[in-house]
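There are 2 protein chains.
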Amino acid sequence: MARKKNSSAEVTGPRIRSAAQRLFARHGYAAVSMRQIAAEVGVQAGALYMYTPDKQSLLYDMMHDHLQALLDSHAALPECADPVARLEQFTRFHIRFHNARSDAVFIAYMELRNLDEGNFKRIEAMRRDYEARLQAVLEHGRAAGVFQLPDTKLATFAVIAMLTGVTTWYREGGRLSLSHVEDVYWNMVRKAVGA
Amino acid sequence: MARKKNSSAEVTGPRIRSAAQRLFARHGYAAVSMRQIAAEVGVQAGALYMYTPDKQSLLYDMMHDHLQALLDSHAALPECADPVARLEQFTRFHIRFHNARSDAVFIAYMELRNLDEGNFKRIEAMRRDYEARLQAVLEHGRAAGVFQLPDTKLATFAVIAMLTGVTTWYREGGRLSLSHVEDVYWNMVRKAVGA
DNA sequence: GTCTATACCGCGATAGAC
DNA sequence: GTCTATCGCGGTATAGAC
Numbered sequence: 006m007a008r009k010k011n012s013s014a015e016v017t018g019p020r021i022r023s024a025a026q027r028l029f030a031r032h033g034y035a036a037v038s039m040r041q042i043a044a045e046v047g048v049q050a051g052a053l054y055m056y057t058p059d060k061q062s063l064l065y066d067m068m069h070d071h072l073q074a075l076l077d078s079h080a081a082l083p084e085c086a087d088p089v090a091r092l093e094q095f096t097r098f099h100i101r102f103h104n105a106r107s108d109a110v111f112i113a114y115m116e117l118r119n120l121d122e123g124n125f126k127r128i129e130a131m132r133r134d135y136e137a138r139l140q141a142v143l144e145h146g147r148a149a150g151v152f153q154l155p156d157t158k159l160a161t162f163a164v165i166a167m168l169t170g171v172t173t174w175y176r177e178g179g180r181l182s183l184s185h186v187e188d189v190y191w192n193m194v195r196k197a198v199g200a
Numbered sequence: 006m007a008r009k010k011n012s013s014a015e016v017t018g019p020r021i022r023s024a025a026q027r028l029f030a031r032h033g034y035a036a037v038s039m040r041q042i043a044a045e046v047g048v049q050a051g052a053l054y055m056y057t058p059d060k061q062s063l064l065y066d067m068m069h070d071h072l073q074a075l076l077d078s079h080a081a082l083p084e085c086a087d088p089v090a091r092l093e094q095f096t097r098f099h100i101r102f103h104n105a106r107s108d109a110v111f112i113a114y115m116e117l118r119n120l121d122e123g124n125f126k127r128i129e130a131m132r133r134d135y136e137a138r139l140q141a142v143l144e145h146g147r148a149a150g151v152f153q154l155p156d157t158k159l160a161t162f163a164v165i166a167m168l169t170g171v172t173t174w175y176r177e178g179g180r181l182s183l184s185h186v187e188d189v190y191w192n193m194v195r196k197a198v199g200a
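Those protein sequences? They're chains A and B, same order as listed. Quick note, the working numbering runs 5 ahead of the 1-based positions in the first sequence. Quick note, the working numbering runs 5 ahead of the 1-based positions in the second sequence.
So this is what it looks like as structure tokens:
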């Protein structure tokens, strides 16, 4: 117990980030004011600037942290030798990771145009890195003769769009469990790549 | 020649709508000001209110007109008896229609949250109407035993997400022609539904 | 039909008290 | 660490001249 744990300082920062994330996802970055974020947290607007230099950094940091977690979690997956198993692993990982973080996903896809130039380039590079990992899986399977794909780049776009689309309609506690959704989507992906 | 055709009044309205569409697509509804739209058209901000009651109507009208054109164009397609031919027709239509109108598509998907409640409900109903038409195609093929689909609702979401995704990366004059992209995507869709 | 001028409000961000 | 107060700006929308 060397130091106090429940001081407001240690708790206000994360609360600001999570309020900002919820509000940005719901109403859009440009439509949300610093005063609204402050009200959600229960402080005055001026106090936010103890935790972020400006509104833009609030957006960039949440997008960066989201993509970094995505890349790290993906990198931590166990290795698979079989191309089909690798693709199944990617499919299930993508659906599960994205659906656990629907606010962050929504922001990462919708608010790119509200990043200033340097921040945009950094975020885009991370997104391309992730896409390249799926493309590598597809290319590996194609080279092994397991997938029938005329164009792995297009297939990458198609698979990612299809899988990410789950976040737009899936809601916990609805008609289907997420693992059932995974099964159905994996079945479609598998057939689409010709495996 | 009963009346003057080139009066500014007949030309300013459409120019406002197209400037607003371009700016909303590029920067987002909330981030674009009426002054910016006016500057783009070459009039003063006050003059916009001769053509729209407010900024919200500008957004709603462009989304409504886009979806109405989508529904009308789809309804005008020639009838097909064969389920596979119907799905191919839908696939190619969807890609072609959406890629010819990337600004409107972007807005229709990204700015839903900036519609006020009544407008949102109307737009959502139109979008669901369109999705139901694809689901009917899939259901028809499934009932005929031509498609292997455990869940036509999920397949509808998957196909629409995949096809609409083309608008996020396709650019005229790039590596591939749009009709080649259609071919590749149709091939993936066909296999995904088990036809 | 479009202009200028302006009402009124809320924005992001900062300064200085406590 | 948070508050109150405030700066300077730009937002939507309207009024009235031309």
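Ideal placement from N, C-alpha and C gives every residue a C-beta, glycine not left out. Just so you know, these numbers come straight off a predicted model, no measurement behind them.
Who are the Cβ neighbours of A:Glu-157 in its own chain at under 8 Å, not counting the five residues just before and after it?
Here residue 157 of chain A corresponds to residue number 152 of the first sequence, with the count starting at 1. Contrary to the premise, residue 157 of chain A reads as Thr rather than Glu in this sequence. If we look at A:Thr-157 and ignore the five residues flanking it on each side, its Cβ neighbours are Gln-140, Leu-143, Glu-144 and Arg-147.
Step through the CB atoms of chain A and report whether any lies within less than 8 Å of the CB of B:Phe-162.
Position 157 of the second sequence, counted from the first residue, corresponds to residue 162 of chain B. Yes, because at least one Cβ of chain A sits closer than 8 Å to the Cβ of B:Phe-162.
Distance, Cα to Cα, B:Glu-15 vs B:Asp-70?
In the second sequence, the residue the question calls residue 15 of chain B occupies position 10. In the second sequence, the residue the question calls residue 70 of chain B occupies position 65. One C-alpha to the other measures close to 18 Å.
Starting from A:Val-194, trace the alpha helix (DSSP H) both ways and give me its first and last residue.
Walking along the first sequence from the start, residue 194 of chain A turns up at place 189. Its alpha helix (DSSP H) spans residues 183-197.
Rounding to the nearest angstrom, what Cα-Cα distance links B:Tyr-56 and B:Ser-62 in this structure?
As a first step, residue 56 of chain B must be located in the second sequence, where it is residue number 51. As a first step, residue 62 of chain B must be located in the second sequence, where it is residue number 57. Between B:Tyr-56 and B:Ser-62, the C-alpha separation is close to 10 Å.
Tell me whether B:Gly-178 is buried or exposed, calling it buried when 16 or more other Cβ atoms sit within 10 Å of its Cβ.
What you label residue 178 of chain B is simply residue 173 of the second sequence in a count that begins at 1. B:Gly-178 comes out exposed.
Using three-state DSSP, classify B:Lys-10 as helix, strand or coil.
What you label residue 10 of chain B is simply residue 5 of the second sequence in a count that begins at 1. With a pLDDT of 38 at B:Lys-10, under the threshold of 50, the modelled position of this residue cannot be trusted, and the question is left open.
Does A:Ser-38 come out as helix, strand or coil in the three-state DSSP assignment?
Position 33 of the first sequence holds residue 38 of chain A. Coil, per DSSP.
Kindly give me the distance between the Cβ atoms of B:Arg-101 and B:Leu-183, rounded to whole angstroms, as I take these residues to be in contact under 8 Å.
For the purposes of this step, residue 101 of chain B is identified with residue 96 of the second sequence, where counting begins at 1. For the purposes of this step, residue 183 of chain B is identified with residue 178 of the second sequence, where counting begins at 1. Between B:Leu-183 and B:Arg-101 the Cβ distance is about 7 Å, and since that is below 8 Å, they are a contact.
Cβ of A:Asp-156 less than 8 Å from any chain B Cβ?
In the first sequence, residue 156 of chain A corresponds to position 151, counting from 1. Judged by the 8 Å Cβ criterion, A:Asp-156 is in contact with chain B.
Let me confirm a value: A:Gly-47 is counted as buried when at least 16 other C-beta atoms fall within 10 Å, else exposed. Which label applies?
In the first sequence, counting from the first residue as 1, residue 47 of chain A sits at position 42. Exposed, because fewer than 16 other Cβ atoms sit within 10 Å of the Cβ of A:Gly-47.
Do you know offhand how far B:Ala-113's Cα is from A:Ala-36's?
Residue mapping note: residue 113 of chain B aligns to position 108 of the second sequence, counting from 1. Residue mapping note: residue 36 of chain A aligns to position 31 of the first sequence, counting from 1. Distance between the alpha carbons of B:Ala-113 and A:Ala-36: 17 Å.
Which one of B:Leu-75, B:Asn-192, B:Ala-25 and B:Ile-165 has the shortest CA to CA distance from A:Val-171?
Locating residue 171 of chain A in the first sequence gives position 166, where the first residue counts as 1. Per the Cα distances, B:Ile-165.
Rounded to whole angstroms, what is the Cα-Cα separation between A:Ala-197 and A:Leu-75?
Residue numbering aside, residue 197 of chain A sits at position 192 when the first sequence is read from its first letter. Residue numbering aside, residue 75 of chain A sits at position 70 when the first sequence is read from its first letter. C-alpha separation (whole angstroms): 24 Å.
For A:Tyr-54, does the three-state DSSP call read helix, strand or coil?
The residue you call residue 54 of chain A lines up with position 49 of the first sequence. Here A:Tyr-54 sits in helix by DSSP.
May I ask which residues mark the beginning and end of the alpha helix (DSSP H) holding B:Leu-143?
Reading the second sequence from its first residue, position 138 is the one you call residue 143 of chain B. Start and end: 122-148.
Helix, strand or coil: which one does DSSP assign to B:Leu-117?
As a working mapping, residue 117 of chain B is identified with position 112 in the second sequence. DSSP places B:Leu-117 in helix when its eight states are reduced to three.
For A:Gln-73, count neighbouring Cβ atoms within 10 angstroms of its own Cβ and tell me buried if that reaches 16, exposed if not.
Within the first sequence, residue 73 of chain A is the residue found at index 68, counting from 1. Looking at its Cβ environment, which holds fewer than 16 other Cβ atoms inside 10 Å, A:Gln-73 is exposed.
With a threshold of 8 Å between beta-carbons, can A:Trp-191 be considered close to chain B, or not?
Within the first sequence, the letter at position 186 stands for residue 191 of chain A. Not one chain B Cβ lies under 8 Å of A:Trp-191.
I'd like to know whether the C-beta of B:Arg-20 is nearer than 8 Å to at least one C-beta of chain A.
Translated into the one-based positions of the second sequence, residue 20 of chain B becomes position 15. Cβ-Cβ to chain A under 8 Å: no for B:Arg-20.
Whose C-beta lies closer than 7 Å to the C-beta of A:Leu-53 among residues of the same chain, with five residues either side of it excluded?
For the purposes of this step, residue 53 of chain A is taken as residue 48 along the first sequence, with counting starting at 1. Counting only Cβ-Cβ distances below 7 Å, and skipping sequence neighbours, we find Ile-21, Met-39, Ile-42 and Ala-43.
Does any residue of chain A bring its CB to less than 8 Å from the CB of B:His-32?
Along the second sequence, one-based indexing puts residue 32 of chain B at 27. Output row for B:His-32: interface = yes.
As an exercise, report each continuous alpha helix (DSSP H) stretch of at least 4 residues that is fully enclosed by the region 85-119 of chain A, in chain order.
For the region 85-119 of chain A, whole alpha helix (DSSP H) runs of length 4 or above, ordered along the chain, are 88-104 and 107-115.
Could you tell me the alpha carbon to alpha carbon distance between A:Asn-11 and B:Leu-28, rounded to whole angstroms?
In the first sequence, the residue the question calls residue 11 of chain A occupies position 6. In the second sequence, the residue the question calls residue 28 of chain B occupies position 23. Residue placement at A:Asn-11 is flagged as unreliable, the pLDDT there being 45, under the threshold of 50; a coordinate-derived value is accordingly withheld.
8 Å is my cut-off, CB to CB: does B:Ala-25 come that close to chain A?
The count along the second sequence starts at 1 and reaches residue 25 of chain B at position 20. For B:Ala-25, the answer is no, since every Cβ of chain A falls outside 8 Å of its Cβ.
Report the rounded CA-to-CA distance for B:Phe-98 versus B:His-79, giving the unit in angstroms.
Sequence index remark: in the second sequence, residue 98 of chain B carries index 93 (1-based). Sequence index remark: in the second sequence, residue 79 of chain B carries index 74 (1-based). C-alpha separation (whole angstroms): 8 Å.
Return the residues of the region 116-147 of chain A that lie within a Cβ-Cβ distance of less than 8 Å from chain B, sorted by chain order.
From the region 116-147 of chain A, only Arg-118 and Asn-119 have a Cβ closer than 8 Å to chain B.
Between the Cα of B:Tyr-175 and the Cα atoms of B:Thr-161, B:Ala-163, B:Tyr-190 and B:Phe-162, which residue gives the shortest distance?
For the purposes of this step, residue 175 of chain B is taken as residue 170 along the second sequence, with counting starting at 1. For the residues B:Thr-161, B:Ala-163, B:Tyr-190 and B:Phe-162, the minimum Cα distance to B:Tyr-175 belongs to B:Tyr-190.
Find out if the Cβ-Cβ distance for the pair A:Leu-92, A:Val-194 is shorter than 8 Å.
Translated into positions along the first sequence, residue 92 of chain A becomes position 87. Translated into positions along the first sequence, residue 194 of chain A becomes position 189. Against a cut-off of 8 Å, the Cβ pair of A:Val-194 and A:Leu-92 comes out as a contact.
Is A:Ala-166 close to chain B? Criterion is C-beta to C-beta, closer than 8 Å.
Residue 166 of chain A sits at position 161 when you count from the first residue of the first sequence. Closer than 8 Å to some Cβ of chain B, the Cβ of A:Ala-166 qualifies, so yes.
Taking 8 Å as the cut-off, decide whether the C-beta atoms of B:Gln-270 and B:Ala-105 are in contact.
Limits of chain B in this structure are 6 at one end and 200 at the other, which puts residue 270 of chain B out of reach.
From B:Asp-87, B:Asn-192, B:Gln-94 and B:Asp-121, pick the residue whose C-alpha is nearest to that of B:Ala-81; which is it?
What you label residue 81 of chain B is simply residue 76 of the second sequence in a count that begins at 1. Nearest C-alpha to B:Ala-81: B:Gln-94.
The alpha helix (DSSP H) with A:Gln-73 in it runs from where to where?
Numbered from its first residue, the first sequence carries residue 73 of chain A at position 68. 60-80 is the span of the alpha helix (DSSP H), which, as asked, contains A:Gln-73.
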